[in-house]
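*Asks:*
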Amino acid sequence: MMDFDAWRSWAMTAPAPDFWLWTLGALGLAGLAGVLMFRFVRRARLIEDTPTSKIRSAHQGYVELIGTGNNLAGQSLAAPLTLTPCIWYDFRIERRVQGGKSRRWQTVKSETSSQPLLLEDGTGQCVINPAGAEVIPSVSRTWHGNAAWPAGKAAPGDGGLLRMLTGQGRYRYPERRIHPGEPLYALGDFVTLGAEPGSGDVHRQVSATLRNWKQKPEVLLRNFDSDGDGRLGLDEWERVREAARQKVLRDTLAHAGREPVHTLARSRNGQPFLLSVQSPRRMSRHYRLRAVACLAGFVLAGPAGIWMLLIRLAG
4 MMDFDAWRSW
14 AMTAPAPDFW
24 LWTLGALGLA
34 GLAGVLMFRF
44 VRRARLIEDT
54 PTSKIRSAHQ
64 GYVELIGTGN
74 NLAGQSLAAP
84 LTLTPCIWYD
94 FRIERRVQGG
104 KSRRWQTVKS
114 ETSSQPLLLE
124 DGTGQCVINP
134 AGAEVIPSVS
144 RTWHGNAAWP
154 AGKAAPGDGG
164 LLRMLTGQGR
174 YRYPERRIHP
184 GEPLYALGDF
194 VTLGAEPGSG
204 DVHRQVSATL
214 RNWKQKPEVL
224 LRNFDSDGDG
234 RLGLDEWERV
244 REAARQKVLR
254 DTLAHAGREP
264 VHTLARSRNG
274 QPFLLSVQSP
284 RRMSRHYRLR
294 AVACLAGFVL
304 AGPAGIWMLL
314 IRLAG
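Residue numbering for the sequence shown follows our numbering, starting at 4 and increasing by one per position.
Okay, here's the thing in structure tokens:
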């Protein structure tokens, strides 16, 4: 390991490509660490400062809910790699690629479930659209094998010593899951559909409908791309908005006298959308620990990059 004088000598005499690679790399790492630090602190503060609402009495807008997660009535879901029953999953299939003396993992397939799930808190039920959520699952497991698709096989543990002795296999399978009946924390945009007319939430319901439609752009193009140019112009977007408004009005009339449907989805204002099996206290600690790690990276990499730059310019 080089001492201070050796580092100083290297910063002054290193070939330009090597010098700028390390210097800009250190500064870039510091910048990334700083951005992530503020992001994690913001999430921790949001979790700590947002009061928990009850579904039955929650206000329309950005809320925190805590309850139990389940599938919607009549629906089921299974993680594709292990066929484990769940309410949410995310998986990747990665192939080991050898390049000279190094190797890396290349993603050949990935998928995140988009099926709505249910949160129940004893006062009501809320349908959650998980698209775009930042998820902390109950199970996060990675295993290795030689099959391009390990469907139906139970995921073993990490393998440890056995994997070191037998080899990792050509494929790697990371899978994350949330299971039915597990605790569920949710922070996002709360909208009640089918509320009585005059509630003042038509605009919010239209926005929620548009967000759901945008998850399937091919359907939007098929239904509203009148000139066939493969994109939606201003006039066509106006038609989309009007169709969404008409749908909200029809749904409101159809649900008149019925129980309203409470929904939670990604915030249209760009606020964090979080789903987790952890308690708020544990989540806050989770994000603050990440913020501390990023602060350490910022403190180490930033001054190092600036110091190398100053030494080079002074020399």
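Cβ coordinates follow ideal geometry from the N, Cα and C atoms, glycine included.
Can you grab the Cα-Cα spacing for the pair residue 224 / residue 245, in whole Å?
*Replies:* 15 Å
*Asks:* Could you check where the beta strand (DSSP E) with residue 232 kicks off and where it finishes?
*Replies:* Note, residue 232: premise wrong, no beta strand (DSSP E); not H, not E.
*Asks:* At which residues does the alpha helix (DSSP H) containing residue 36 begin and terminate?
*Replies:* 19-52
*Asks:* State the beta-bridge partners of residue 8 as determined by DSSP.
*Replies:* None; residue 8 has no bridge partner.
*Asks:* In this structure, what does DSSP give as the bridge partners for residue 129?
*Replies:* 122, 265
*Asks:* Relative to the C-alpha of residue 310, which candidate in 21, 44, 29, 19 has its C-alpha closest?
*Replies:* 29
*Asks:* Go to residue 275, then tell me how far its beta strand (DSSP E) extends in each direction, as first and last residue.
*Replies:* Segment: none, residue 275 is in no beta strand (DSSP E) and carries neither H nor E.
*Asks:* Rank 82, 192, 97 by C-alpha distance to the C-alpha of residue 91 and give the top, closest one.
*Replies:* 82
*Asks:* Using a 10 Å radius around the Cβ and a threshold of 16 neighbouring Cβ atoms, would you call residue 167 buried or exposed?
*Replies:* Here the model assigns residue 167 a pLDDT of 39, short of 50, so the residue's position is not dependable, and the following value carries that caveat. Exposed, by the Cβ-count rule.
*Asks:* List the residues that DSSP assigns as beta-bridge partners of residue 196.
*Replies:* 264
*Asks:* Does the Cβ of residue 132 have 16 or more other Cβ atoms within 10 Å, making it buried, or fewer, making it exposed?
*Replies:* By the 10 Å Cβ count, residue 132 comes out buried.
*Asks:* Considering just the uninterrupted stretch of the alpha helix (DSSP H) at residue 221, what are its terminal residues?
*Replies:* That run of the alpha helix (DSSP H) goes 220-227.
*Asks:* Where DSSP assigns a beta bridge to residue 70, which residues make up the other side?
*Replies:* 187
*Asks:* Could you tell me the distance, in whole angstroms, from the CA atom of residue 20 to the CA atom of residue 64?
*Replies:* 51 Å
*Asks:* In the DSSP assignment, what are the bridge partners of residue 102?
*Replies:* 105
*Asks:* How far does the beta strand (DSSP E) with residue 147 in it extend, from its first residue to its last?
*Replies:* 142-148 is the span of the beta strand (DSSP E), which, as asked, contains residue 147.
*Asks:* Could you work out which residue in 239, 307, 189 is closest to residue 61 when comparing CA atoms only?
*Replies:* 189
*Asks:* Which residue from 128, 39, 25, 103 puts its Cα closest to that of residue 72?
*Replies:* 128
*Asks:* So, residue 49 versus residue 283, is the Cβ gap smaller than 8 Å?
*Replies:* no
*Asks:* Terminal residues of the continuous alpha helix (DSSP H) containing residue 306?
*Replies:* 283-317
*Asks:* Leaving out the 5 sequence neighbours to the left and right, which residues in its chain are closer than 6 Å to residue 2 when beta-carbon positions are compared?
*Replies:* The structure shown does not extend to residue 2, since the chain is modelled only from 4 through 318, so no value can be given for it.
*Asks:* Could you please give the first and the last residue of the uninterrupted beta strand (DSSP E) stretch that includes residue 175?
*Replies:* 174-181
*Asks:* Please list, in chain order, all residues of the same chain as residue 227 whose beta carbon is under 7 Å from its beta carbon, the five residues on each side excluded.
*Replies:* 235, 239, 242, 243
*Asks:* Compare the C-alpha of residue 25 against each of 220, 183, 308 and name the closest.
*Replies:* 308
*Asks:* In terms of residue numbering, what span does the beta strand (DSSP E) encompassing residue 139 cover?
*Replies:* 137-139
*Asks:* What did DSSP end up calling residue 117 once you bin it into helix, strand or coil?
*Replies:* coil
*Asks:* Suppose the cutoff is 8 Å on Cβ atoms and the five residues either side in sequence are ignored; what does the same chain contact list for residue 217 look like?
*Replies:* 223
*Asks:* Using a 10 Å radius around the Cβ and a threshold of 16 neighbouring Cβ atoms, would you call residue 100 buried or exposed?
*Replies:* exposed
*Asks:* Are the CB atoms of residue 267 and residue 35 within a distance shorter than 8 Å?
*Replies:* no
*Asks:* So, are the CB atoms of residue 209 and residue 251 less than 8 Å apart?
*Replies:* Yes. Within cutoff.
*Asks:* Among 294, 314, 79, 302, which one has its Cα closest to the Cα of residue 45?
*Replies:* Closest option to residue 45, judged by alpha-carbon separation, among 294, 314, 79, 302: 294.
*Asks:* Which same chain residues end up closer than 7 Å to residue 106 when comparing Cβ atoms and leaving out the 5 residues on each side of it in sequence?
*Replies:* 99, 100
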